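A.B. asks: To start, I am sharing the structure in question, which I have written as structure tokens.
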Amino acid sequence: MNKKLLIITLIFFLIIIVLAFITNYVDTGRVTTGHEPKCCIKIVSYDGSKVTYWGLGYKVIRYVGLSPNEPYENNIGVKMGSWFMKYELPEPDSTLNKDHSFFGKVIESTNTYIIVEPNEGEGERKIADKISISLEKNNDALYEIGTNVKITYHDNIMESYPAQIKATKVEIKSADNFEILFKERQKTDSYNKKYAILDKTESDKYDYNIYAYNGSVNIRIDNKEYSLKQVLTENKITMNEIIEKANQDERNGKIKVEMYKDGGSILYKYDNYAIIKCHTLEGNRDVYIGSKDMSINDLKI
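Heads up, the sequence shown is in our numbering, so the first residue is 904 and it goes up one at a time.
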């Protein structure tokens, strides 16, 4: 009796081993050719992101893209091994598809591409002194020679001359971070209450004058402080960018704005200074940066 039971047990285990071999062979072939295993029990994880197929002595772990009901070939990771196998998706490489950016100056401009010279201190400058950027079809932006731009791109810089990149964004921008630093005029200060920071005759970039009123004006760019005249003449930043930032601050509710009925002059009121961008019917387009209580009536324009 015991001998008969032993034979039956051996036959049973032999059948299991043969079935395990056959099913493993079949499912290995299916998995390696991108097909779902069939000789298994299918278990879906609670959150639906992982499917485990349990076979005789083996298992298949599959990570799905969107849903466990989507086609098997849409998986984002699959592995076959023993019951004791552990398989987790690797952490994504943070360097892949990462945005890179640099500031530079347009030195050549056409309707289909621009060539930019990276600023001194930019990492891209160590790779290439000129970088060509293709512009999208039907591009309406005009990038004049000398324009400061911020270039954002994926992937690597392609080695050629000039070098090339695939830009995801081209912005007319000189710096990410800048702040106006206004110091009110003291009685002991010798300069006039109103004086020109930059006269339009001093630069071909501006057809209007830029004034200070009742104080002096500096600017902090990326934690470095300069006089406003220096950054404007050296094209480290433009007056248009300063006005655009004021418009953005108004849209974000950071400052208050008043518009005069003289053709469209605007007063931007910050906590410790104010900016007036003139736009009169007579054609005055001058800009004033002054004390926080400055109004257009003070300027006598």
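Virtual Cβ for every residue (Gly too), placed ideally from N, Cα, C. Predicted model, so just to flag it, every value in this text is computed and none were measured.
Measuring CB to CB, does residue 1195 end up less than 8 angstroms from residue 1173?
C.D. replies: Yes, they are a contact pair.
A.B. asks: Let's test the definition: count the other Cβ atoms within 10 Å of the Cβ of residue 949 and tell me whether it reaches 16, buried, or not, exposed.
C.D. replies: Flag for residue 949 reads exposed.
A.B. asks: Which two residues bound the contiguous alpha helix (DSSP H) that contains residue 907?
C.D. replies: From DSSP, the alpha helix (DSSP H) with residue 907 extends over 905 to 935.
A.B. asks: Tell me whether residue 906 is buried or exposed, calling it buried when 16 or more other Cβ atoms sit within 10 Å of its Cβ.
C.D. replies: By the 10 Å Cβ count, residue 906 comes out exposed.
A.B. asks: Residues in the same chain with beta-carbon distance under 6 angstroms from residue 918, minus the five sequence neighbours each way, listed in chain order, please.
C.D. replies: Cβ within range, chain order: n/a, list empty.
A.B. asks: Measure the Cβ-Cβ separation of residue 1036 and residue 1012 and say whether it is below 8 angstroms.
C.D. replies: No. Outside cutoff.
A.B. asks: Thinking residue 1020 and residue 1029 are a contact (beta carbons under 8 angstroms), I'd like their distance in whole angstroms, please.
C.D. replies: Rounded, the Cβ-Cβ distance is 13 angstroms, inconsistent with contact.
A.B. asks: Can you say whether residue 958 is buried or exposed, counting buried as having 16 or more other CB atoms within 10 angstroms of its CB?
C.D. replies: Buried.
A.B. asks: For residue 985, which residues in the same chain have their Cβ closer than 8 angstroms to its Cβ, ignoring the five residues on either side in sequence?
C.D. replies: Within the same chain, residue 985 has close Cβ partners 960, 961 and 962.
A.B. asks: Rank 1057, 1117 and 1081 by C-alpha distance to the C-alpha of residue 1091 and give the top, closest one.
C.D. replies: Of the candidates 1057, 1117 and 1081, the one whose C-alpha sits nearest the C-alpha of residue 1091 is 1117.
A.B. asks: Mind checking residue 1184: buried by the 16 CB within 10 Å criterion, or exposed?
C.D. replies: With fewer than 16 other Cβ atoms within 10 Å, it is exposed.
A.B. asks: Look up residue 1202 in the DSSP assignment and say whether it is helix, strand or coil.
C.D. replies: DSSP places residue 1202 in helix when its eight states are reduced to three.
A.B. asks: So is residue 1189 buried or exposed if we call it buried at 16+ other beta carbons inside 10 Å?
C.D. replies: Residue 1189 is buried by the Cβ-count criterion.
A.B. asks: What does a CB cutoff of less than 6 angstroms around residue 1055 pick up in its chain, not counting 5 residues either side in sequence?
C.D. replies: Hits under 6 angstroms: 1002, 1004, 1071 and 1072.
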